[in-house]
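J.:
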Amino acid sequence: METFDALGHFGQYGGRFVPEALIGALEELEAVHNQTQKDPEFIAELAELHRTYTGRPSIITEAKRFSEHAGGARIFLKREDLNHTGSHKINNVLGQALLTKRMGKKRIIAETGAGQHGVAAATAAALMGLECVVYMGEEDTRRQSLNVARMKLLGAEVVAVTSGSKTLKDAINEAMRDWVTNVHNTHYMLGTVAGPHPFPTMVRDFHKVIGEESRAQMLELTGRLPDAVLACIGGGSNAIGIFNAFIPDTDVRLIGLEAGGDGVETGRHAATINGGTPGVLHGTRSYVLQDKNGQTVESHSISAGLDYPGVGPEHAYLHDLGRAEYRAINDDAAMNAFALMSRTEGIIPAIETAHALAGALIIGNELGPKANLLINLSGRGDKDVQTAAQYFGIPL
Amino acid sequence: MTALDSVLAQCRSENRAALIAYIPAGFPSKQGCHKVIQVLADAGVDAIEIGFPYSDPVMDGPVIQEAADISLRGGTQASDVFEALKTASGTGIASVVMTYWNPIEKYGVEKFAASIADNGGSGVITPDLTIEESAEWLKSAQSHSINPIYVVAPSTKDPRLARVTSVTGGFVYAASSMGVTGTRETVSIDAKDLVSRIKKVSDLPVCVGLGVSTRDQARSLAEYADGVIVGSAFIKLLLNAKDEQSGLDAVSHLAKELAKGVREGR
């Protein structure tokens, strides 16, 4: 019996579980990605785009008034919310859009939950003259109608997905079906560090700039590395982006904050590592919210961007190794941190990001006033005003 | 040699293509599924694929998605799949299971292969399991003497076709076109090219699926393929039927037409 070498593994996680129809495209993508990572021309082109279009490097803001609520620990915010399009997502889409052009493809498809990745993908497509179709769960198109309008203004077609739970997971299914059909001219611009190899590695490579910049910035600002680095986790792209540079610094705690929804114990949550088990979903092996028959269980979160029953395989690996910790933050705790950040610092964060801020309140109190915490402020909250107004009873 | 190997060899000796039908376990209902299996067997189908419905079927179009939804809402689980398999093999025709990988992994890879064999099944079609991730599965399939059946696509390049078919058992499942399951007006010319490319690297029977719904399509595929696979067309009839009996009658009629089609190709 022959065996073949498996690729793209993080311990027992990762790999490639896809129809054969997609293998050629994944191999091509992997080859082009590996090639361009060493190509000075590509690296310079992307860096120039980040400097003149994204607005990199993003700044660090010290949240002094917020820190009074976090046990006095110094809190540093990596301001990915100030990037063009309002979140870290632009890092990945610009990289993938350049790869799309290198592969000679003219059409991109993308999935989106909160709409941040969809907006970023539509933006990159507009910038580079690519046709763009974004799949979005029907439920999410209602929760995030502002972002739907933004994508349309940017020239993208938005397809509301009505199958299954009508959220991010089903949008990914629909995007995969499109890709299987149109793979000859279409690149699937996956928005997170999940999916089949090479996506988890490639998307991390496009986001690792977050950690590289902030590691240097923290050394310059404080003269030392932070005690802990915190980020929210849906699929986990902003978290892996800021964690990556700190992985070798074993004294730096890496803490991912998952969406606890109504509470992990209620079963109504999106805390995949805290409440899930190893399995295969959307082409990769990782933790999955699933029942005893291996059927995916619907996730729940007030944050559309974290409302996903899977998580990137590298996070599963970092968890099992004990290199990163993963905690769950309930909806209410996240919304409390959302309000606090808005009122103490004048920064309205994305509800996704508010999970990391709620984590900072807890970790800060655990570590005390001598601790320095670095938080990835992964996105701005303009898109969430409607949800937040509803939550806090502000009439619109 | 599995029952599937035997029936495909028999068809080859009769110089005709085999007819393979797909039906998800638990569809149109737990009991209804068993009736559909009996009707298909009586109508002259050579082999049956029992689908193990999965919540995230990325290779399936709207028709099979809907059937899977109905089945899962009805509470279908592995035991129902094995019962359907038992019914199918009990009719005397060859039977296999088709499923995405996660339900197998969750059930237990070795245990799944054992249960297939115990219920008279000949093999399993795994559309999202790549050969690179197959080591444990191939070992289990081998130790329980069942066929590991892989799906290849028009985009699969020749060197990879050789690698995939080298570990395949029973037959090679050739996807007729790039895309998901569902009936199509015409079965693309990609299918013929793919079958001839497979024949160059493998002696296994090659069965073609995706998009087939009519006797004419079955006839033209049977000219060059060793088997014709039909799924969505049957499911559509059951979804559109006004009651169970009329659905079964429609399935029977179509299966008989297709059975004629696969005998008219050469």
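Chain order of the listed sequences is A and B. The opening residue of the first sequence carries number 1 in UniProt numbering; numbering runs sequentially from there. The opening residue of the second sequence carries number 1 in UniProt numbering; numbering runs sequentially from there. Where is the CB? At the ideal position from N, CA and C, for every residue including glycine. Note that the coordinates shown come from a computational prediction; the quantities given were computed from them, not determined experimentally.
How about A18/B and D46/B: are their beta carbons less than 8 angstroms apart?
T.: Contact: yes.
J.: Between R12/B, D203/B, F82/B, V187/B, which has its C-alpha nearest D216/B's C-alpha?
T.: Ranking the options by Cα distance to D216/B, first place goes to V187/B.
J.: For the region 86 to 149 of chain A, which segments carrying the alpha helix (DSSP H) assignment without a break, of at least 4 residues, lie completely within its bounds, in sequence order?
T.: Complete alpha helix (DSSP H) runs here, min 4: 89 to 102, 116 to 128, 138 to 143.
J.: When we look at the beta-carbon of I90/A and count the other beta-carbons within 10 Å, is it buried (16 or more) or exposed?
T.: I90/A comes out buried.
J.: With burial defined as no fewer than 16 other Cβ atoms inside 10 Å of the residue's Cβ, what is the status of P19/A: buried or exposed?
T.: So P19/A ends up on the buried side.
J.: Quick one: does I21/A have its CB under 8 angstroms from some CB of chain B?
T.: Per the sequence shown, the amino acid found at residue 21/A is Ala instead of Ile. Yes, A21/A counts as interfacial toward chain B.
J.: Report the three-state DSSP secondary structure of N83/A (helix, strand or coil).
T.: Looking at N83/A - three-state DSSP - the assignment turns out to be coil, as it is neither helix nor strand.
J.: Could you please tell me which residues of the region 134 to 161 of chain B, in chain order, have their CB closer than 8 angstroms to any CB of chain A?
T.: Answer in chain order: S134, A135, L138, K139, Q142, Y150, V151, V152, A153, P154, S155, T156, K157, R160.
J.: Does any residue of chain A bring its CB to less than 8 angstroms from the CB of L72/B?
T.: Yes, its Cβ sits closer than 8 angstroms to a Cβ of chain A.
J.: Taking only beta-carbon atoms, is R163/B less than 8 angstroms away from chain A?
T.: It does: the Cβ of R163/B has a partner Cβ on chain A nearer than 8 angstroms.
J.: Which residue's Cα is closest to the Cα of Q37/A: K78/A, L99/A, Y135/A?
T.: Comparing Cα positions, the closest option is L99/A.
J.: Within the 8 angstroms Cβ cut-off, does S237/A reach chain B?
T.: Not closer than 8 angstroms to any Cβ of chain B, the Cβ of S237/A fails to qualify, so no.
J.: Could you please give the first and the last residue of the uninterrupted alpha helix (DSSP H) stretch that includes S6/B?
T.: Note, S6/B: alpha helix (DSSP H), 3 to 13.
J.: Check the Cβ of D5/A against every Cβ in chain B and list those closer than 8 angstroms, keeping chain order.
T.: In chain order: E132.
J.: Buried or exposed: where does E30/A fall if 16 or more other Cβ atoms within 10 Å of its Cβ makes it buried?
T.: The residue in question, E30/A, is buried, as its Cβ has 16 or more Cβ neighbours within 10 Å.
J.: Taking beta-carbon pairs under 9 angstroms, can you tell me which members of the region 90 to 117 of chain B lie near chain A?
T.: So the close ones are Y100, W101, N102, P103, I104, E105, K106, Y107.
J.: Could you give the residue range of the beta strand (DSSP E) that holds N330/A?
T.: Where N330/A is concerned, the enclosing beta strand (DSSP E) stretches over 324 to 330.
J.: Just the C-alpha distance for S58/A and G379/A, rounded to the nearest angstrom, thanks.
T.: Cα to Cα, the separation comes out at about 12 angstroms.
J.: Thinking C-beta only, is V208/B closer than 8 angstroms to D158/B?
T.: No; because the gap between Cβ atoms is not below 8 angstroms, this pair is not in contact.
J.: Would you kindly report the start and end of the unbroken alpha helix (DSSP H) that includes P148/B?
T.: No alpha helix (DSSP H) holds P148/B; the beta strand (DSSP E) holding it covers 147 to 149.
J.: Name the two residues that bound the continuous beta strand (DSSP E) containing R285/A.
T.: Per DSSP, R285/A belongs to the beta strand (DSSP E) from 284 to 288.
J.: So, do the region 324 to 338 of chain A and the region 187 to 204 of chain A have three or more beta carbon pairs nearer to each other than 8 angstroms?
T.: Too few Cβ pairs lie closer than 8 angstroms, so no.
J.: Could you tell me which whole alpha helix (DSSP H) segments of length 4 or greater appear in the region 148 to 204 of chain A?
T.: Fully enclosed alpha helix (DSSP H) runs of 4 or longer: 168 to 182.
J.: On the DSSP letters alone, give me the boundaries of the beta strand (DSSP E) that G51/B sits inside.
T.: Element bounds for G51/B: 47 to 51.
J.: If we require 3 or more residues per run, which beta strand (DSSP E) segments fall completely within the region 18 to 76 of chain A?
T.: Qualifying beta strand (DSSP E) stretches, in chain order: 60 to 62.
J.: Chain A partners of S55/B, CB-CB under 8 angstroms?
T.: Within 8 angstroms Cβ-Cβ: G164, Q295, T296.
J.: Quick one: using the 10 Å Cβ neighbour count with 16 as the cut-off for buried, is residue 397/A buried or exposed?
T.: Past the edges of chain A, shown from 1 to 396, lies residue 397/A, and the structure says nothing about it.
J.: For I37/B, count neighbouring Cβ atoms within 10 angstroms of its own Cβ and tell me buried if that reaches 16, exposed if not.
T.: Under this definition I37/B is a buried residue.
J.: Quick one, are the C-beta atoms of M128/A and E28/A less than 8 angstroms apart?
T.: Not closer than 8 angstroms, so no.
J.: Using 8 angstroms as the limit for Cβ to Cβ distance, is Q290/A near chain B?
T.: So, interface residue.
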